[in-house]
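Participant: Our numbering puts the last residue of the sequence shown at 395; the count rises by one with no breaks.
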Amino acid sequence: MERRRVAVTGMGAVSGFGAGVDVLTDSVFAGKSCVRRISGFDPANFPCQIGAECPDFDAPSYFVEPRDARRLEQSILQATAAAKMAVLDSGISFEGDLKTRTGVFIGSGIGGLRTLEEQIMRSAEKGAERISPFFIINAIANMPAGVVAKEWGVHGPCFCVTSACATSGHSIGEAALAIRHGRTDVMIAGGTESALNQVGIGGFSTLKALTFDFNDEPEKGSRPFEKRRSGFVMGEGSGVMILEEWEHAVARNAKIYAEVVGYGASADAYHVTAPPDDGAGAQLAMKWAMEDAGVKREEVTYVNAHGTSTPLNDRAETAAIKAVFGDLAYKLKVSSTKSMHGHLLGAAAAIEGILSIKAFERNELPPTINYEEADPDCDLDYVPNEAVPFHGDYTMCNTFGFGGQNAVLLFRRA
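1) Within 10 angstroms of its Cβ, does K107 collect 16 or more other Cβ (buried), or is it exposed?
2) Assess contact between the segment 201 to 210 and the segment 351 to 371, defined as three or more Cβ pairs (one per stretch) separated by less than 8 Å. Is contact present?
3) Starting from the C-beta of G137, find all residues in its chain whose C-beta is less than 7 Å away, skip the five residues before and the five after it, and write them out in chain order.
4) Identify the continuous beta strand (DSSP E) that holds T173 and give its terminal residues.
5) Looking at the unbroken alpha helix (DSSP H) that takes in I223, where does it start and where does it end?
6) Mind checking who P370 pairs with in its DSSP beta bridge?
7) Taking 6 Å as the limit between beta carbons, can you name the residues of its chain near E225, skipping five residues before and five after?
8) Give me the Cα-Cα distance between E280 and T376, rounded to the nearest whole angstrom.
9) Taking the alpha-carbon of A395 as reference, which of V135, T6 and H372 has the nearest alpha-carbon?
10) For the putative contact between A246 and A388, defined by C-beta atoms under 8 Å, what is the C-beta separation to the nearest angstrom?
11) Would DSSP call E151 helix, strand or coil?
12) Taking only the alpha-carbon atoms, compute the straight-line gap between F213 and E200 and give it to the nearest angstrom.
13) So, at 6 Å on beta carbons, what are the nonlocal neighbours of L5 in its own chain, with the 5 sequence-adjacent residues on each side left out?
14) Would you check if the segment 264 to 281 and the segment 317 to 329 touch, i.e. whether three or more CB-CB distances between them fall below 8 Å?
15) Using only CA atoms, which one of I335, D374, V16 and A330 lies nearest to E174?
16) Please name the residue in D78, I91 and F75 whose C-alpha comes closest to that of Q55.
17) Go to F306, then tell me how far its alpha helix (DSSP H) extends in each direction, as first and last residue.
18) Give the DSSP bridge partners of M215, in chain order.
19) Check whether the Cβ atoms of Y352 and S316 lie closer than 7 Å to each other.
20) Are the beta-carbon atoms belonging to G88 and P348 less than 7 Å from one another?
21) Please report the straight-line C-alpha distance between A340 and L346, rounded to a whole angstrom.
22) Leaving aside the five residues before and after C141 along the sequence, list all residues of the same chain whose C-beta is less than 6 Å from its C-beta, in chain order.
23) Can you give me the C-alpha to C-alpha distance between I57 and T96, rounded to a whole angstrom?
24) Would you call the segment 180 to 197 and the segment 141 to 160 touching, i.e. three or more CB-CB distances under 8 Å?
25) Tell me which residues share the same chain as D374 and place their Cβ nearer than 7 Å to its Cβ, disregarding the 5 neighbours each side in the sequence.
26) For L309, tell me which candidate among I338, K277, L293 and I332 has the shortest Cα-Cα distance.
27) Can you tell me the Cβ-Cβ gap for F75 and V135, rounded? I've got them flagged as a contact below 8 Å.
28) Buried or exposed for T187, going by 16 or more other Cβ atoms inside 10 Å?
29) If you draw a straight line from the alpha carbon of P24 to that of E98, how long is it in whole angstroms?
30) Rounded C-beta distance between G218 and A328? I'm assuming under 8 Å.
31) Helix, strand or coil: how does DSSP classify V128 here?
32) Helix, strand or coil: which one does DSSP assign to E279?
33) If you draw a straight line from the alpha carbon of T380 to that of P28, how long is it in whole angstroms?
34) Where does Q55 sit, in a helix, a strand or coil, going by DSSP?
35) Just to confirm, are F86 and A156 a CB contact at a threshold of 7 Å?
Next up, the structure:
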């Protein structure tokens, strides 16, 4: 059977910059940050007081029945909004047999953490009998995918991948495989996360994963690969893509943004939070993504790095890139857009994948901002502080999660 090609025909996003792909893209390629002091609760007693919160947006307007949005939690609202943007962007109509040939893979790294916090506190204060009947609905991580499938009336495979910060990388990669192997013709794929609450900030703070050093200068807090990096800055939002079998997209004259040509998934099998120094698992995922695509190392000229701004990740990812690309690593452009929109955890690859694809359309690469002083252990070209021209044919998008779970996507210019 001839390998079926996978096109990206629609994209939608909700991020700290607001609702929409354009505001995300324009801001990131201009080197702007949406990291601020946290406003959703008083962070004064927390060692990390900054994040990239999503501004309010008109969530009900993205639902077929706006009232359905009233009792749903933020992560579900974000995913539904991003999915609708992506569907409208693609111009696709789910009619006839396409309803059963379309699936939904939308994941979340943590699930409804806001709901968990609210309802556990409510139970402690007022008793378990006062827990909301919507508690379980909003807390379970598969609900964003289920709600999106319901909104569009599609009946293909629908489930949630949960692999921490690699979640949406796996979601998009597995969705591409579903199309490639003939199980579906269209997939609504991505990730969503909304964990910028007291439990989220508190939990990651006690792990010492967040930066504590830039509470007075929030926009400078996320500084991947830079010498003074000291932890990540949490973001929130959702990214969703419409993936479509290539000939199906061509037949309806759809705009094709890019092709998903490679996907690599691996496990570190090393530690629950820390990567091995040589990034061995990340190496495998990058190699396998290129092998899957039939692409040589010299053809890949840009890596959208996981680049969390933690000392361990950035050093290990740099080592992994150098091991995979050899001397070619020093000719690569490598950047981390987390320096601007923060770390969206389970939505990271979806948002960063969109930006990797937009690099083709804009013919430029997004920068790594806050890059002021080089770290000797991180010695690649990280596209410091300003976007640069780009005319390559491939972009690689790396995501690595707690638990040692890694996902790498490879996109080709359409």
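Idealized CB from N, CA, C, for every residue including glycine.
Facilitator: With the given structure in hand:
1) Exposed, since its Cβ has fewer than 16 Cβ neighbours within 10 Å.
2) Verdict: yes, contact present.
3) T81, R82, T83, G84 and T165.
4) Here the beta strand (DSSP E) through T173 covers V167 to E174.
5) Element bounds for I223: not the alpha helix (DSSP H) but the beta strand (DSSP E), G218 to E226.
6) E345
7) A(-12), T(-10) and V167
8) So the two alpha carbons sit approximately 9 Å from each other.
9) H372
10) 5 Å
11) The sequence shown places His at residue 151, not Glu. Helix.
12) The alpha-carbon atoms of F213 and E200 are separated by roughly 12 Å.
13) A(-6), S(-4) and F(-2)
14) no
15) A330
16) I91
17) P292 to F306
18) Per DSSP, H324.
19) no
20) It is not a contact, given that the beta carbons lie outside the stated cut-off.
21) 5 Å
22) G88, A122, N123 and A126
23) 11 Å
24) Taking 8 Å as the limit for Cβ pairs, the verdict is that the segment 141 to 160 does not touch the segment 180 to 197.
25) For D374, where only same-chain residues beyond five positions count, the Cβ hits under 7 Å are E280, R393 and R394.
26) K277
27) 6 Å
28) Residue burial annotation: T187 is exposed, with fewer than 16 other C-beta atoms found within 10 angstroms of its C-beta.
29) 15 Å
30) 6 Å
31) helix
32) helix
33) 26 Å
34) helix
35) For F86 and A156, yes; Cβs fall inside 7 Å.
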